[in-house]
Every structure is written in C-alpha cells, then in structure tokens.
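So the protein lines, in turn, are chains A and B. Per the numbering used here, the first sequence starts with residue 1, numbered consecutively. Per the numbering used here, the second sequence starts with residue 1001, numbered consecutively. Ideal Cβ positions, reconstructed from N, Cα and C, are used throughout, including at glycine.
Number of protein chains: 2
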Amino acid sequence: MPQKAVTDDLTGLLHGVGLRVTAQRLAVLLALETRRHADADEIFEAVRPTLPGTSVQAVYGVLGALHTAGLVRRIEPAGSTARYERRIDDNHHHLVCERCNRVEDVDCVVGAAPCLTPSNTSGFEIHSAEITFWGLCSECQHFRG
Amino acid sequence: MPQKAVTDDLTGLLHGVGLRVTAQRLAVLLALETRRHADADEIFEAVRPTLPGTSVQAVYGVLGALHTAGLVRRIEPAGSTARYERRIDDNHHHLVCERCNRVEDVDCVVGAAPCLTPSNTSGFEIHSAEITFWGLCSECQHFRG
DNA sequence: CTGTTGTTTTTGAATTATTCAAAACAATGC
DNA sequence: GCATTGTTTTGAATAATTCAAAAACAACAG
C-alpha cells in the first residue's frame, strides 16, 4: 500500500471517532503500525525523524486521546512503562518476560471463554478481563543461575 | 490468637526462608495480616505508630526482600501503585475498579485451569498467569455520566 | 555475655515516567 | 478567509521508587 493510502486510512480512523487530524496523531498512528507494544519514548523516537519539533508531552497527549477514543489499547505490565498497541478488536493477551520485560502477543487462550467469568464479582460491573503470562523469553532462559 | 503467638509465627516464617528477623519485617508482615492489597505507603503508615522511626525506604526494602523470598505477592495494576498481599499459595485473581482503583480478590475462576495454557508461547517458559478483571466497583457504578 | 561479621536500616538524594498549566498554534465549520 | 475550539509546545511539577554511604543491628562463635 502506498504511503498516501495508509495516511488516508489513518485520517479516516481519526475522523471516525471525532478526533481532529493532526500531523502528530498521524505520525503516532503510523509508528504504531510497525511496532508492537511500543512505549511513549519509543514512539517519540520513531516520530522525531519525520516530525522534528514534536515534544514527548505531545506524544503522551496523542496516546491519551487515542486511548480514550478506543483506537489504541494500553497495557502496563508490572515493572514496565506503559505500552500501546493497535490490536484492540480481538481479545488477545500477553506474555511478559520477567527478566527483560519483553512483551509478546498470545492470540488466544485454550478454553478462554470461562476465564472471562469470575466466580464472585464483589458487586463489580465487569468490563474486560486481562490475562498476563509471566515467564522467561527464549533469550533470557539462557541467563538463569 | 495472642499477639505473641502471631509474632512467633511470623518469626518462623522469616526463619523458614532464611531471612533475618527484624522489628521492621515483623511489623510489615503484621500489617499485611489485616490489610489486603496494601501499597507501600499504607504499610508505612500502619507500621509507624508501633515502630516510629521506620523509614519509607525500609518498608520498600522489607517488601522487596519478602517478595524475593516468596512470602508476599506483588501486583501492580495499571494506574495504581504497587500493592502487596500475603495470599500467595492459592491462584487467585483480581478485580480492579477503573475509576477508583479499588482492588478485590476473585477466589477462583470458573474453569480456571485452561487459562494457564496460552495457545502459542513464542518460546517463553511460562511461570504464572495473572488475570485482572477491569470494571466499576459498586460505589463507582453510581458516578457514571 | 561479648566481639565479630555481614545484613539491614537510616539518612539524604536521585531517577524517571508521567502529568499539569499557560501560551502559541492549527484544524474544522461557516 | 475567519472565528472557534481543540491541540501542541514550552517549561515546570509530581510522586513512586531506587540508589548510596554510613550507622545500627541480628546472628553466631567463642
């Protein structure tokens, strides 16, 4: 897909949720296209070359707006900074490395449906269930001892 | 149970994992007996009356040692500070309020076992699965709008 | 009980992700 | 184009947590 078409898509995405289309927002969305589980700083660095003058605060602002609008999902595994991703429609989960904080997607979980039903809800109105698997990534398995 | 007996239990707990027994560690463990999902500051405030002169850094140090030793579990729901709990042997999960960050336990999950098996592990060696249910607590359900 | 050793706590400061606020600026509707 | 309203910049603040050095202390041997 040519660059123009991608940008048009992203423009439509923003219009769709009633957000103004700005260069910063397009750049952040574009950066998220090719990055999975990027944090604010990674996105800031990705945006900087094509859009110098962008501030970190603007990136936080854009990510906040996109998140509120439901265009990005935000995860914050213990020990990591907040990470953002565009995959939102599927109910996928995450593997997090306890040593290096690397994050990978888990497309689905065997027998997932029951997991979304806690036994006692303590009066909570439940909106979503988040599953995080903790362990060691392939790299870090060698470093044990 | 008399106070002395509780303290003896906690002393044994520390000995059991090869940690030195200090007044601060006993105080933190004792504070955790009656509090669920307490954060460092809550524990600090709970410890202060009986053990004045204790520093917040000491509380962080104690909690770190207890966590490393496997005596306490540490959760860090997005948007909250780190919280600590003594329930570690059962595989229970959490409900977190999206508005006030209140945390409640979920004793178990219907059909829990399958949840511990992700479909693709991406080469990870998995140690544990953490399930967080997001929603609104009974209090905060009234504040919508 | 006492001295020694290694660990823990205190004291004081640093770090870092994130947020806040006011002013400059830009997108959209007319 | 122009006004309106939302967004970004600029600059500073916040707050949880960690780091480091020195003092205090628990555990153990004698």
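Using the rule of at least 16 other Cβ atoms within 10 Å of the residue's Cβ for burial, across every protein chain shown, is residue i buried or exposed?
i	result
PHE1143/B	exposed
ILE1088/B	exposed
PRO77/A	buried
GLU139/A	exposed
HIS1037/B	buried
HIS956/B	As shown, chain B starts at 1001 and ends at 1145. That puts residue 956/B outside it, with no answer to give.
ALA113/A	Confidence is the limiting factor: at ALA113/A the pLDDT is only 49, short of 50, which leaves the residue's position unreliable and the question unanswerable from this model.
VAL1062/B	buried
ARG20/A	exposed
PRO49/A	exposed
PRO1118/B	buried
Relative to the alpha-carbon of residue i, which residue among the options has its alpha-carbon at the smallest distance?
i	options	result
ARG1086/B	LEU1095/B, GLY1070/B, SER1080/B, GLY1079/B	GLY1070/B
LEU136/A	THR121/A, GLU130/A, ARG102/A	ARG102/A
SER128/A	ALA1046/B, ILE1131/B, SER1055/B	ILE1131/B
ILE1126/B	THR68/A, GLU98/A, GLU45/A	GLU98/A
ALA1040/B	TYR1084/B, THR1117/B, THR1121/B	TYR1084/B
TYR60/A	THR121/A, ALA27/A, THR11/A, VAL96/A	ALA27/A
ALA65/A	ASP90/A, PHE44/A, VAL17/A, SER55/A	VAL17/A
ASP1090/B	ARG1073/B, THR1081/B, ASN1120/B	ARG1073/B
ALA1031/B	GLY1053/B, HIS1015/B, VAL1006/B	VAL1006/B
TRP1134/B	GLY1123/B, CYS1100/B, SER1122/B, ASN1120/B	CYS1100/B
PHE44/A	ARG35/A, GLU33/A, THR34/A, VAL56/A	VAL56/A
Can you list, in chain order, the residues of its chain with a C-beta nearer than 8 Å to that of residue i? Leave out the 5 residues immediately preceding and following it.
i	result
ALA1058/B	GLN1024
HIS92/A	ASP105, VAL106, ASP107, CYS108
LEU13/A	LEU29, LEU71
HIS1067/B	ARG1073, ARG1074, TYR1084
HIS1015/B	VAL1021
THR54/A	GLN24, ALA27, PHE44, VAL47, ARG48
LEU1051/B	ALA1023, GLN1024, ALA1027
Among the residues of its own chain, which have a CB less than 6 Å from the CB of residue i, if the five just before and after it don't count?
i	result
ASP1008/B	none
SER1080/B	ASN1101
Got a sec: is the Cβ-Cβ distance from residue i to anything in chain B below 8 Å?
i	result
ASP107/A	yes
GLY123/A	yes
PHE133/A	yes
LEU10/A	no
ARG20/A	no
GLU130/A	yes
HIS67/A	no
PRO52/A	no
ASN120/A	yes
LEU95/A	yes
ALA5/A	no
Would you say residue i reaches chain A, if we count a Cβ-Cβ gap shorter than 8 Å as a contact?
i	result
ARG1074/B	yes
CYS1137/B	yes
HIS1127/B	yes
ALA1040/B	no
GLN1141/B	yes
SER1055/B	no
GLU1104/B	yes
GLU1098/B	yes
ALA1027/B	no
ALA1058/B	no
*asked:* So within the stretch 64–117 of chain A, which uninterrupted beta strand (DSSP E) runs reach at least 3 residues, ignoring any that extend past its ends?
replied: 73–75, 83–85, 93–97, 103–106
_Report the start-end ranges of each alpha helix (DSSP H) in the stretch 6–67 of chain A that is 4 residues or longer and not cut off at the edges._
23–33, 40–47
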